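Enquirer:
There are 2 protein chains.
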Amino acid sequence: MSETSRAIGLKELARVLGLSVPTVSRALGGYSDVSQKTRERVVQAAREHGYVASRAGRMLVSGRSNAIGMMLPQPAGQITDAFVGEFLLGLADSLAELGRDLFLAASSQSRDELQVLRHMVDGSQADGIVINRLTVDDARARVLIARRIPFVAHGRLIEAPGPYSWLDTDGEKALDGLARQLVSLGHRRFALVMPDVAYTFAHFRSRGLERALSELGLPLRPDHIAKVAPNDHDGAHAEARALLSLDPRPTAVIALTDQLAFAVLEVARELGLGVPGDVSVVGFDNVPMAVYANPPLTTFDQNIRESGRIAGDMVVARIELGEAGIRTLLLEPKLELRASHGPAPAD
Amino acid sequence: MSETSRAIGLKELARVLGLSVPTVSRALGGYSDVSQKTRERVVQAAREHGYVASRAGRMLVSGRSNAIGMMLPQPAGQITDAFVGEFLLGLADSLAELGRDLFLAASSQSRDELQVLRHMVDGSQADGIVINRLTVDDARARVLIARRIPFVAHGRLIEAPGPYSWLDTDGEKALDGLARQLVSLGHRRFALVMPDVAYTFAHFRSRGLERALSELGLPLRPDHIAKVAPNDHDGAHAEARALLSLDPRPTAVIALTDQLAFAVLEVARELGLGVPGDVSVVGFDNVPMAVYANPPLTTFDQNIRESGRIAGDMVVARIELGEAGIRTLLLEPKLELRASHGPAPAD
DNA sequence: ATGAAAGCGCTAACAA
DNA sequence: TTGTTAGCGCTTTCAT
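Protein sequences, first through last, are from chains A and B.
For the first sequence, the UniProt record's numbering begins at 1 and goes up steadily by one.
For the second sequence, the UniProt record's numbering begins at 1 and goes up steadily by one.
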């Protein structure tokens with residue numbers, strides 16, 4: 001790109017070439033009804049002048065924006081951290097390959113989630129939407145489904161009022177498998193630490209755990225389940241301390257996010273408990289720091305960046321194929337076996 | 001928002017109201033030359049029908065997009081993690097408050113950084129740009145400065161070819177202060193772990209450290225400086241192992257990012273070295289996991305989300321005021337004193 | 001206080 | 001093969 005020239009429009013480009021505006025447009029658009037020679041001249045001139053079609057013009061005539069809107073999760077739920085960034089990187093990458101733009105929208109004090117959605121959709125800023133971190137009664141998903149707006153959810157509803165595209169990791173199956181694995185390692189007393197927000201991922205994961213344990217005749221007792229507010233560091237510690245102070249003490253503590261697992265590890269250290277000698281701890285997410293935990297955390301890997309990439313492909317398919325493009329995808333998270341779990345201690 | 005209605009346009013709205021299109025537009029725009037009664041009718045109807053002005057129409061007539069473009073750092077430099085996400089959350093929040101939209105652009109195999117920039121600027125998708133993680137010879141910054149395009153850099157160039165808006169944390173001053181503090185704790189042998197990419201933040205931070213140590217008569221020896229490729233977990237460990245195996249061993253290892261500091265902590269543990277008993281370790285960034293490290297990591301806090309918010313305010317000021325709106329801001333990071341540093345061991 | 005007309009940049013339909 | 005005309009949705013003259 002020239003370092004100094006200003007942007008050039010189609011009109012100006014046509015003037016320079018001594019052609020009409022539509023001819024230039026067709027040449028650039030690759031239409032067949034323009035002479036080979038003219039096309040080359042036009043393409044050449046466009047490149048030289050660094051011509052880039054104005055999005056406004058395109059949007060106006062096509063009625064579409066060529067952009068995908070992603071709603072950022074509420075700043076309130078600050079679990080964010082690595083997640084949002086990693087997901088966005090994958091999403092942006094995929095959309096860039098597909099020639100689509102990515103549009104970010106955050107709700108704020110002055111504009112709630114639904115207003116933001118409307119801004120994107122009715123203002124035709126985005127041809128499709130990506131949302132994540134769904135709650136049990138997710139208002140965004142419900143509106144998007146009802147209005148038949150193309151969107152992809154990262155995560156899924158428990159009961160959907162209609163078909164929609166989603167991709168999710170199978171937390172239910174994952175925790176079912178984990179429970180059986182730990183039981184086979186001799187564990188009999190389990191505890192669960194989960195977020196207190198009604199995210200559906202927490203629902204599925206905890207359901208998998210509870211169901212497996214029930215089937216194995218070791219139902220999870222209510223006082224062995226701790227719920228923690230997002231980002232409440234002290235609260236997480238208090239709950240972890242309570243769980244690890246139970247008598248008899250659980251030998252395996254499952255945390256539904258790595259963030260929560262770290263809190264458990266820290267409390268275990270404070271209480272002088274060995275991990276995994278006295279208690280096994282397992283997380284979920286495999287955030288980059290999991291490998292640096294002490295001991296390195298056994299946790300489920302979600303490949304969040306790849307999920308972002310897939311979400312991009314899915315939303316574009318949904319846009320281009322209409323409702324026939326609705327897809328669902330359940331990914332299997334992989335358990336990263338590290339050093340925070342082991343056989344149950346002898347009683 | 002109605003759950004079923006489709007988007008309505010100005011024309012349709014005017015028809016419903018029995019008014020002309022321009023009158024409705026003026027009423028909504030808050031112009032004074034429309035009767036009080038008409039305005040109320042219009043506003044009411046617009047609300048009822050969920051009218052949102054098409055962005056295309058607005059853009060076309062105003063010539064501006066009302067959006068800010070943010071270039072995502074190259075997926076190559078995967079230091080990202082919490083960073084991108086946190087920064088974006090702040091940026092999106094600030095822009096939402098200011099009524100601006102946020103566009104994300106990622107370079108890909110098929111479109112390099114400068115093409116992406118041109119796409120945003122010449123296609124008038126964005127009125128202003130935000131870039132971060134600047135390198136010593138940052139092509140993006142140079143083009144933006146040369147073309148006088150409104151932008152804000154998070155981070156800054158070492159030598160700029162012209163004025164531009166930036167905000168940065170004062171890594172130079174921070175590490176100068178840290179060096180003096182550690183020397184006063186008795187440390188005499190220092191080592192430095194830094195990224196091998198020419199990010200300017202690394203330049204400033206290392207300069208601060210090296211200058212202070214030189215002034216104190218303890219110049220940092222070249223073999224006490226390790227450079228690590230981004231996200232090269234094994235490489236980081238190898239370098240850390242080399243540093244901690246030097247004889248005599250450094251008593252203080254400064255890592256320019258928390259990520260690198262974690263690697264040092266892990267290697268220290270492997271080598272059976274006590275932290276901070278045998279060696280002090282300090283990081284930079286205060287990522288959320290720093291508090292969970294073993295021992296909890298002493299590191300500089302940048303308040304990355306707040307930086308995103310400030311960047312949003314700055315880029316809007318730059319757009320609205322033109323070159324008169326150019327601002328620079330050097331924030332002072334705060335050293336979070338945790339448990340990974342302490343007095344130098346007795347020799 | 002309101003309506004009519006023009007035009008932003010682009011592409012699609014039609015005419016030559 | 002090219003040029004002319006029209007129109008996307010909106011705002012801003014200008015005229016009434």
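Backbone N, C-alpha and C define an ideal beta-carbon position, used for all residues, glycine too.
Keep in mind the model is a prediction, meaning the values are calculated, not measured.
Do the stretch 117 to 130 of chain B and the stretch 53 to 61 of chain A touch if we need at least three Cβ pairs shorter than 8 Å?
Expert: yes
Enquirer: What residues in its chain sit with their C-beta under 7 Å from that of B/F201, if we drop five residues either side in the sequence?
Expert: G155 and G171
Enquirer: DSSP puts B/T169 in a beta bridge; with which residues?
Expert: B/L331
Enquirer: I'd like to confirm the pairing. Which residues does DSSP put opposite B/K227 in its beta bridges?
Expert: B/M194
Enquirer: Along the chain, where does the beta strand (DSSP E) that runs through A/H237 open and close?
Expert: Careful: A/H237 lies outside any beta strand (DSSP E), inside the alpha helix (DSSP H) at H233 to L244.
Enquirer: Have a look at A/G162, A/I158 and A/L209 and flag the residue whose alpha-carbon is nearest the alpha-carbon of A/R147.
Expert: A/G162
Enquirer: Identify which residue in A/I158, A/V152, A/R249 and A/K173 has its Cα closest to the Cα of A/Y164.
Expert: Closest option to A/Y164, Cα to Cα, is A/V152.
Enquirer: Against chain B, does A/Y164 count as a neighbour if the rule is that its beta carbon must be under 9 Å from one of theirs?
Expert: no
Enquirer: Evaluate contact between the stretch 249 to 256 of chain B and the stretch 182 to 190 of chain B, counting only Cβ atoms and requiring at least three cross-stretch pairs below 8 Å.
Expert: yes
Enquirer: Would B/L89 be called buried (16 or more neighbouring beta carbons within 10 Å of its own) or exposed?
Expert: With 16 or more Cβ atoms within 10 Å of its Cβ, B/L89 is classed as buried.
Enquirer: So, at 6 Å on beta carbons, what are the nonlocal neighbours of A/S32 in its own chain, with the 5 sequence-adjacent residues on each side left out?
Expert: none
Enquirer: With distances taken Cα to Cα, identify the nearest neighbour of B/I145 among B/E332, B/L337, B/G322 and B/D223.
Expert: B/G322
Enquirer: Which of the residues in the UniProt domain "HTH lacI-type" (8 to 62) of chain A, read from start to end, lie with their CB under 7 Å from any CB of chain B?
Expert: G50, V52, A53, S54, R55, A56, G57, M59 and L60
Enquirer: Could you check which residue in A/R221, A/D285 and A/K227 has the C-alpha nearest to that of A/L335?
Expert: Shortest Cα-Cα distance from A/L335 to any of A/R221, A/D285 and A/K227 involves A/D285.
Enquirer: Between the Cα of B/E48 and the Cα atoms of B/F83, B/G9 and B/S62, which residue gives the shortest distance?
Expert: B/G9
Enquirer: Roughly how many angstroms lie between the CA atoms of A/E159 and B/L104, to the nearest whole one?
Expert: 32 Å
Enquirer: Would you mind giving the Cβ-Cβ distance between B/V267 and B/A240, rounded to the nearest angstrom? I have them listed as a contact below 8 Å.
Expert: 4 Å
Enquirer: From which residue to which residue does the beta strand (DSSP E) around A/S280 run?
Expert: S280 to D285
Enquirer: Tell me the rounded alpha-carbon separation between A/H119 and B/P195.
Expert: Using only the alpha carbons, I get a separation of about 41 Å.
Enquirer: Show which residues of chain B have a CB atom less than 8 Å away from the CB atom of A/L243.
Expert: The premise fails here: A/L243 is roughly 17 Å from chain B at the closest Cβ pair, so nothing lies under 8 Å.
Enquirer: What's the C-alpha gap between A/G277 and B/S280?
Expert: 28 Å
Enquirer: Going by Cα to Cα distance, which pick from A/E40, A/V42, A/L117 and A/W166 is closest to A/L329?
Expert: Taking each of A/E40, A/V42, A/L117 and A/W166 in turn and checking the Cα distance to A/L329, the smallest one comes out for A/W166.
Enquirer: Applying a beta-carbon distance threshold of less than 8 Å, which residues of chain B neighbour A/Y292?
Expert: F262, A263, L265, E266, M289 and A293
Enquirer: So, with DSSP's three-state summary, where would you put B/G274?
Expert: B/G274 carries a coil assignment under DSSP once its states are collapsed to helix, strand and coil.
Enquirer: Under 8 Å: do the stretch 293 to 301 of chain B and the stretch 312 to 319 of chain B share three or more Cβ pairs, one atom per stretch?
Expert: No: fewer than three Cβ pairs fall under 8 Å.
Enquirer: With H, G and I counted as helix, E and B as strand and the rest as coil, what does DSSP make of B/H119?
Expert: helix
Enquirer: Please determine, among A/T135, A/G325, A/S307 and A/N294, the residue with the shortest C-alpha to C-alpha distance to A/F204.
Expert: A/T135
Enquirer: Beta-carbon of B/M1 versus every beta-carbon of chain A: anything under 9 Å?
Expert: Confidence in B/M1 is poor, its pLDDT being 47 and thus under 50, which makes the residue's placement unreliable; the coordinate value appears in the next sentence. Chain A, which has a Cβ nearer than 9 Å to the Cβ of B/M1, makes this yes.
Enquirer: Could you check whether the Cβ of B/H119 sits closer than 9 Å to any Cβ belonging to chain A?
Expert: yes
Enquirer: Pull out every residue of the stretch 89 to 101 of chain A whose Cβ sits closer than 7 Å to any Cβ of chain B, in chain order.
Expert: Listed by position, the residues of the stretch 89 to 101 of chain A near chain B (Cβ gap below 7 Å) are L89, A92, D93, A96, E97 and D101.
Enquirer: Could you name the residues of chain A that B/L104 contacts, counting a contact when the two beta carbons are closer than 9 Å?
Expert: M70, L88, L91, A92, L95, D101, L102, F103 and L104
Enquirer: Using alpha carbons as the reference points, say which of A/I129, A/D232, A/A106 and A/L178 lies closest to A/S65.
Expert: A/I129
Enquirer: Mapping the DSSP letters down to three states, classify B/Y164 as helix, strand or coil.
Expert: coil
Enquirer: Nearest CA to the CA of A/E270: which residue from A/L256, A/A242 and A/V287?
Expert: A/A242
Enquirer: Spell out a yes or no on whether the stretch 17 to 29 of chain A and the stretch 38 to 47 of chain A are touching, meaning 3 or more CB-CB pairs, one atom from each, closer than 8 Å.
Expert: yes
Enquirer: Run through chain B and tell me which residues come within less than 7 Å of A/S108, C-beta to C-beta.
Expert: D93, A96 and E97
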